[in-house]
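S.K.: For any residue, its number in the numbering used here is found by taking its place in the sequence shown, counting from 1, and adding 14. The C-beta atom is built at its ideal place from N, Cα and C for all residues, glycine as well.
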Amino acid sequence: MDKYPIVMVRNLLAPAQNRLLEYCNIKLWEKAEPISHDILAKWLEDAEGLVAAGNVRIDERLLAYAPKLKVIAQSAVGYDNIDVDACTRRGIPVGNTPGVLVEATADLAFGLLLCATRRIHEGWEFVRQGKWTPNQNIPFGIDLYGKVLGIVGMGRIGAAVARRARAFGMRVIYYNRNRRPDEAELGVKYASFDNLLTQADCILVLTPLSPATRGLFGWEQFGRMKSTAFFVNAARGPIVDTGALASALAANQIAYAVLDVTDPEPLPGDHPLLQLPNVLVTPHIGSATIETRTRMALLTADNLLAGLRNRPLPACVNPEVNYK
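#1: In the structure shown, what three-state DSSP assignment does Tyr-37 receive?
#2: Are the CB atoms of Leu-318 and Val-65 within a distance shorter than 8 Å?
#3: Residues in the same chain with beta-carbon distance under 7 Å from Tyr-93, minus the five sequence neighbours each way, listed in chain order, please.
#4: If I follow the unbroken alpha helix (DSSP H) through Lys-352, where does it start and stop?
#5: Would you tell me roughly how many angstroms separate the C-alpha atoms of Glu-234 and Asp-208, rounded to the nearest one?
#6: From the DSSP output, which residues share a beta bridge with Gln-88?
#7: Indicate the three-state DSSP secondary structure (helix, strand or coil) for Val-175 in the structure shown.
#8: Between the C-alpha atoms of Cys-129 and Ala-271, what's the straight-line distance to the nearest angstrom?
#9: State the Cα-Cα distance for the pair Asp-316 and Leu-58, rounded to the nearest angstrom.
#10: Express the C-alpha separation of Glu-197 and Leu-211 in angstroms, rounding to a whole number.
#11: What's the gap between the Cα of Thr-227 and the Cα of Gly-251?
#12: Could you please give me the residues that DSSP links to Met-22 through a beta bridge?
#13: With DSSP as the reference, label Leu-27 as helix, strand or coil.
#14: Kindly list the residues whose CB is nearer than 6 Å to the CB of Leu-273, restricted to its own chain and excluding five residues on each side of it in sequence; keep chain order.
#15: Pull up the distance between the alpha-carbon of Tyr-37 and that of Gly-169, whole angstroms please.
#16: For the putative contact between Ala-214 and Ala-243, defined by C-beta atoms under 8 Å, what is the C-beta separation to the nearest angstrom?
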């Protein structure tokens with residue numbers, strides 16, 4: 015049987031990679047830096063499938079070099095690096111990996127909030143630096159019990175975070191493009207964006223990146239928050255104006271920021287944000303568990319193979335061109 019010619023700009027975990035090797039001839043980009051437009055354009059000339067990654071832009075200009083391309087699959091929920099409209103115009107379905115990373119991302123998002131509010135990482139540094147003595151003051155955090163958590167973006171991950179917050183005795187309000195019909199079941203209440211900013215003790219961002227949400231949080235929004243507010247972004251970096259956040263933290267306009275995503279990403283080591291004492295940054299590890307990344311990789315392989323076989327992708331972001 016002839017194998018399908020595909021391009022991968024990043025490898026997948028072994029179970030998924032081995033599945034693709036069985037059915038595909040693979041051109042794999044193995045260097046640490048992202049593949050260049052020119053190299054990828056050349057590779058795509060004869061490719062029928064593409065495994066994309068968030069650090070590689072897929073746009074109309076690139077697709078013009080890929081006349082045989084039948085499917086694009088990406089091992090992520092987000093796909094803001096892909097011009098989906100351009101893909102749709104060319105009849106190319108785009109697959110992503112929703113659902114399989116909900117619990118892992120919710121764990122990480124709420125875990126970061128807990129870590130920051132209880133100053134866990136600072137306590138560890140306190141011990142490591144030999145400051146733990148009988149008469150030394152230890153870092154004090156705040157209780158989560160009884161506090162108001164404001165969630166911006168109440169999709170599946172937001173709902174999973176809400177369940178965790180409720181178990182900790184928090185009151186949960188949320189802002190979303192559409193109100194959820196299961197508010198009572200989740201134990202959450204809808205709030206306008208402005209009311210959420212002023213009422214919440216902790217704000218957790220989980221909304222997708224779109225033209226409407228790019229730069230959603232800037233100096234004005236941080237100015238409306240409580241000076242004691244903890245701010246967590248576990249969604250996409252460009253939703254937050256990084257410079258405005260750094261200024262708000264430096265001026266103690268808000269108490270603390272916790273970021274699993276940044277803009278730019280990664281942040282350079284000398285970035286002003288990283289010089290501040292009231293910020294905690296992790297390297298985009300929301301889905302980074304063995305189990306979750308394996309499920310994501312396998313769904314990516316399933317999406318790609320389905321498209322190569324002219325079959326419906328299990329998870330397709332432009333269903334109007336998904337195979338029937």
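M.R.: Short version:
#1: Counting from one through the sequence shown, the residue named residue 37 turns up at place 23. Tyr-37: helix per DSSP, three-state reduction.
#2: Numbered from 1 along the sequence shown, position 51 holds the residue referred to as residue 65. Numbered from 1 along the sequence shown, position 304 holds the residue referred to as residue 318. In this structure, Leu-318 lies closer than 8 Å to Val-65 by Cβ.
#3: Working through the sequence shown from its first residue, we reach residue 93 at position 79. If we look at Tyr-93 and ignore the five residues flanking it on each side, its Cβ neighbours are Val-108, Asn-110, Val-331.
#4: Here the chain covers residues 15 to 338 and nothing more, so residue 352 does not appear.
#5: Reading the sequence shown from its first residue, position 220 is the one you call residue 234. Reading the sequence shown from its first residue, position 194 is the one you call residue 208. Going from the Cα of Glu-234 to the Cα of Asp-208 covers about 11 Å.
#6: Locating residue 88 in the sequence shown gives position 74, where the first residue counts as 1. BP columns for Gln-88 point to Ala-66.
#7: Residue 175 sits at position 161 when you count from the first residue of the sequence shown. Helix, per DSSP.
#8: The count along the sequence shown starts at 1 and reaches residue 129 at position 115. The count along the sequence shown starts at 1 and reaches residue 271 at position 257. One C-alpha to the other measures close to 11 Å.
#9: As a position in the sequence shown, residue 316 is number 302, starting the count at 1. As a position in the sequence shown, residue 58 is number 44, starting the count at 1. Looking at the two C-alpha atoms, the distance is approximately 20 Å.
#10: Here residue 211 refers to the residue found at position 197 when the sequence shown is read from its first residue. Here residue 197 refers to the residue found at position 183 when the sequence shown is read from its first residue. Computed Cα separation, rounded: 19 Å.
#11: The residue labelled residue 227 in the question sits at position 213 within the sequence shown. The residue labelled residue 251 in the question sits at position 237 within the sequence shown. Taking the straight line joining both Cα atoms gives about 11 Å.
#12: Numbered from 1 along the sequence shown, position 8 holds the residue referred to as residue 22. BP columns for Met-22 point to Leu-42, Val-65.
#13: One-based indexing of the sequence shown puts residue 27 at position 13. If DSSP states are grouped into helix, strand and coil, Leu-27 belongs with coil.
#14: What you label residue 273 is simply residue 259 of the sequence shown in a count that begins at 1. The answer, listed in chain order, is Asn-247, Val-295.
#15: Numbered from its first residue, the sequence shown carries residue 37 at position 23. Numbered from its first residue, the sequence shown carries residue 169 at position 155. Roughly 35 Å between the two C-alpha positions.
#16: Position 200 of the sequence shown, counting from 1, holds the residue named residue 214. Position 229 of the sequence shown, counting from 1, holds the residue named residue 243. Indeed they touch by this definition, with Cβ atoms about 7 Å apart.
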